[in-house]
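Please read the structure below before turning to the comments.
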Amino acid sequence: MKRIAIAAALAAATLGVGAAQAGHLNVAVEGATFKGDTITFPSVLMDKPGWLVIHGVENGAPVVPGSEGHVWLPAGDSRDVSVDVSGMVMKGADYIVMLHYETNGNESYDFGPDSTDVDTPAMKADGTPYMIMFKTAM
């Protein structure tokens, strides 16, 4: 039941695809590069330590709680943030980048199918998860 609620919230949050507005969180998807199994974002802003997470997309909705890749980030502004994606980055494919907070203090990304109450999504002021849908270059 918790998975359904999370998936519904994430799907609703992606309706405004392209740029998510939050003063304390930001991922620059414009200018992102795609090479082999790596996606590199020009900059990421997080107000607390946590994770930049890549989710796949099926039928226009994020595939959650599983992820395609993740990378640890300190609080603050990070430049040239690279994340390895499982398998090769698919050309012309939709992905979702999300920010998750480190909530259990172990610096290990633990959010997943059997663990949705730790390392939870970072939220915008309106209470929706910070996420951006983007398409890789052809």
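For my numbering, count along the sequence shown from 1 and bump the result up by 558. The beta-carbon is built from N, C-alpha and C at its ideal position, and this holds for glycine as well. Computed from a predicted model, the values in this text were never measured in an experiment.
The residue from N662, S640, A586 with its alpha-carbon nearest to that of S673 is N662. Where T686 is concerned, there is no enclosing beta strand (DSSP E), because DSSP gives it neither an H nor an E. Nearest to L631 by alpha-carbon distance, out of V585, D684, A683, I690, is V585. G594 and G624 have their C-alpha atoms roughly 21 Å apart. A633 is positioned such that its CB atom lies closer than 9 Å to that of M604. Here Y653 is actually not in contact with D677; their C-beta atoms are around 19 Å apart, not less than 8 Å. P620 is bridged by DSSP to V615.
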